[in-house]
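So the sequence shown is numbered by my numbering: it starts at 2 and just counts up by one. Glycine residues also receive a C-beta, built at the ideal position from the N, C-alpha and C atoms. All of these numbers come straight from a predicted model, not from anything done at the bench. Single-structure report; data block below.
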Amino acid sequence: MPAHRASSATLAGAYPFLVPPSCDIGVPVGQDALTGGPFGFDPWALYSAGDLTNPNLLLAGVIGQGKSALAKSLAMRSITAGRSVYVPGDPKGEWAPVAAAVGGTVVRLGPGLLARLNPLDAQDGPEPHGPRVRLLAAVAALTVHRELGAAEQGALDAALATAERRRSTPTIGDVLSALASPDASSARCDGVRVEDRSADGRDLAHGLRRLVRGDLAGLFDEPSTERLDPHAPMVVLDLSRLGSDEDALALAMTCASAWLEGALLASNAKRWVIYDEAWRVLRHVALVRRMQSQWKLSRAHGIANLMVLHRLSDLDAIGQHGSEARSLAQGLLADCSTRVIYRQESDQLSGTAGALGLTRPERDLLPVLPRGTGLWKMPHRTHVVHHVLHPAEVDVVDTDSAMRDHTEHEDR
């Protein structure tokens with residue numbers, strides 16, 4: 002009989018002893034399709050054991066394959082294990098029922114609602130100026146649809162410093178006023194004429210005006226009305242009242258997440274930060290840059306980030322090949338030790354396999370994965386996992402439940 006050669010990944014289907022043992026550390030997720038054993042996951046425990054280089058997780062899959070149900074059930078189950086969760090932007094309002102189910106907090110922002118968040122008060126601390134100016138630069142770049150020049154950066158920095166001298170916790174409205182009427186002594190110290198500094202900040206003032214007198218007025222331009230309990234099991238910022246304006250949602254998600262980050266840093270609890278609909282933020286270079294800088298600090302605060310996308314090509318939509326924007330996107334992917342991929346369309350296979358370093362058998366699995374089943378790619382090990390929902394979780398976490406028969410629910 003001639004010898005037969007194949008990769009270990011292929012032979013694992015025929016010879017189970019080549020399959021890695023099930024991951025049974027952490028909260029239950031479902032069933033390992035290759036071993037039949039239970040599959041659990043806890044990024045902090047796996048990181049401590051040296052199995053992960055960082056605790057972050059990327060979750061991707063086409064619409065309707067159950068990735069949202071996985072994110073929500075993982076959040077709920079992690080809370081029972083003593084973790085906490087926050088969702089810095091919920092564009093569809095899908096996380097409010099989850100927060101209610103676990104006794105969490107929901108902050109609703111939108112036209113006609115009473116809640117106000119000042120993203121600059123989130124940066125209170127021994128050195129608040131730096132974080133504040135970086136946040137304002139990201140927001141301003143989004144509103145003017147381009148990167149800021151050096152003179153504009155200087156004008157923004159000076160305006161914030163002026164606003165901070167007038168009030169210890171300034172608002173975006175205070176910064177806008179300082180941009181419109183620059184401080185003369187500050188300009189002289191910088192060797193700039195007042196009229197030049199005013200011209201340098203003119204475009205920024207027009208851009209930031211959107212948050213003070215435009216369609217986002219009344220949300221982020223006043224002192225905060227909300228005070229959060231940093232020990233709440235889950236905190237969700239519901240942005241569903243903002244509609245489908247992509248720029249407005251990206252702005253709101255950035256301002257809201259900045260406020261939430263600062264409000265909750267008082268707690269040392271290990272926490273999931275879940276970026277649902279992350280592609281909305283990834284379209285904007287300034288916001289990706291800020292997001293990556295926050296991720297770099299995550300381990301120091303016991304945070305595990307979970308980024309939810311439809312497809313890996315969402316990362317390729319940022320900038321040109323070789324650009325800073327593309328490098329930032331690739332950096333976010335590199336900062337996710339765990340990649341969970343649900344079914345992908347055939348035209349996405351090559352890019353996904355290349356980005357994640359998938360073997361041919363792993364790649365070939367992606368277009369045929371059934372709903373609720375994902376490829377879990379971790380350093381040195383790969384699992385195919387059937388996500389299993391408890392019947393009590395279905396109505397809370399399964400956003401597609403109304404479209405299917407009840408008999409389908411529990412195996413998601």
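{"Asked": "Endpoints, beta strand (DSSP E) assigned at Leu329", "Found": "Segment 325 to 335 is the alpha helix (DSSP H) holding Leu329; no beta strand (DSSP E) there."}
{"Asked": "Straight-line gap, Pro17 to Pro92 (C-alpha atoms, nearest Å)", "Found": "Bear in mind that a pLDDT of 45 at Pro17, under 50, signals an unreliable position, so the number given afterwards is only what the model happens to contain. Between Pro17 and Pro92, the C-alpha separation is close to 43 Å."}
{"Asked": "Thr353 (DSSP reduced to helix, strand or coil)", "Found": "helix"}
{"Asked": "Distance between Leu180 and Leu205 (C-alpha atoms, nearest Å)", "Found": "8 Å"}
{"Asked": "Limits of the unbroken beta strand (DSSP E) element including Lys271", "Found": "Per DSSP, Lys271 belongs to no beta strand (DSSP E) and is neither H nor E."}
{"Asked": "7 Å Cβ cutoff met for Ile173 and Leu110", "Found": "no"}
{"Asked": "Other residues of its chain near His1: CB distance less than 7 Å, five sequence neighbours each side excluded", "Found": "Because the chain is modelled from 2 through 413, residue 1 falls outside the range shown and cannot be assessed."}
{"Asked": "Residue range of the unbroken alpha helix (DSSP H) whose run includes Thr163", "Found": "151 to 167"}
{"Asked": "Closest Cα partner of Asp43 within the set Val63, Thr81, Ser69, Leu35", "Found": "Thr81"}
{"Asked": "Residue from Glu128, Pro112, Leu350 whose Cα sits closest to the Cα of Asp239", "Found": "Pro112"}
{"Asked": "Pro22 burial status per 10 Å Cβ neighbour count (16 or more: buried)", "Found": "exposed"}
{"Asked": "Exposure label - Ala153; buried when at least 16 CB within 10 Å", "Found": "It is worth fixing the name first, because residue 153 is Glu in this sequence and not Ala. Classification for Glu153: buried."}
{"Asked": "Inter-residue CB distance, Val30 and Leu75 (contact presumed, cutoff 8 Å)", "Found": "7 Å"}
{"Asked": "Tyr48: first and last residue of the uninterrupted alpha helix (DSSP H) it sits in", "Found": "44 to 49"}
{"Asked": "Nonlocal neighbours in the same chain, by C-beta distance under 7 Å from Ala164, ignoring five residues either side", "Found": "Pro171, Asp175, Val176, Ala179"}
{"Asked": "Residue closest to Arg84, alpha-carbon to alpha-carbon, out of Lys297, Trp273, Ala70", "Found": "Trp273"}
{"Asked": "Distance CB(Val398)-CB(Lys68) smaller than 7 Å", "Found": "no"}
{"Asked": "Burial state of Ile64, where buried means 16 or more other Cβ atoms lie within 10 Å", "Found": "exposed"}
{"Asked": "C-alpha gap between Leu367 and Ser351, whole angstroms", "Found": "11 Å"}
{"Asked": "The segment 87 to 106 contacting the segment 371 to 391, beta-carbon criterion three pairs below 8 Å", "Found": "no"}
{"Asked": "Closest residue to Ala159 among Arg78, Gly192, Thr383 (Cα-Cα distance)", "Found": "Gly192"}
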